Every structure is written in C-alpha cells, then in structure tokens.
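Below: one structure, written as structure tokens.
Residue numbers (my numbering): 190 to 232.
Rendered as structure tokens:
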C-alpha cells in the first residue's frame, strides 16, 4: 500500500494551507487528518 506517500501528500497539503504560524491550528488539522486516515484504514 502507498500509505506513507498518502501521509506525505496530506502533510504537504496541510503545511501549504495552514502556513500561518498558528501551531495550534496546524496540530488540530493534523490530528483531524490522522483520525480520518485511521478511520479509512479501519473500514
């Protein structure tokens, strides 16, 4: 599976979208993506 590549792409997308210096926003968005990714893997 290409899970590592998917995580890299998601992380790059997040860093480009939330490149505002707001670390709490970044952490919240990253945790949300991880939860969605985990739910996708468990389905």
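C-beta atoms are modelled at their ideal positions from N, C-alpha and C, and glycine is treated no differently. Predicted model only: the values in this text are computed from it and were never measured.
- residue 191 (DSSP reduced to helix, strand or coil): For the purposes of this step, residue 191 is taken as residue 2 along the chain shown, with counting starting at 1. In this structure, residue 191 counts as coil in the three-state DSSP scheme.
- In its own chain, which residues sit with a C-beta less than 8 Å from the C-beta of residue 199, not counting the 5 before and 5 after it? On the chain shown, residue 199 is found 10 positions in, with the first residue counted as 1. These residues qualify, in order along the chain: 222 and 226.
- Task: Give me the Cα-Cα distance between residue 232 and residue 206, rounded to the nearest whole angstrom.
- Result: In the chain shown, residue 232 corresponds to position 43, counting from 1. In the chain shown, residue 206 corresponds to position 17, counting from 1. It is roughly 27 Å from the alpha-carbon of residue 232 to the alpha-carbon of residue 206.
- Message: Does chain B have any CB closer than 7 Å to the CB of residue 214?
- Response: Absent from the structure: chain B. Only one protein chain is present.
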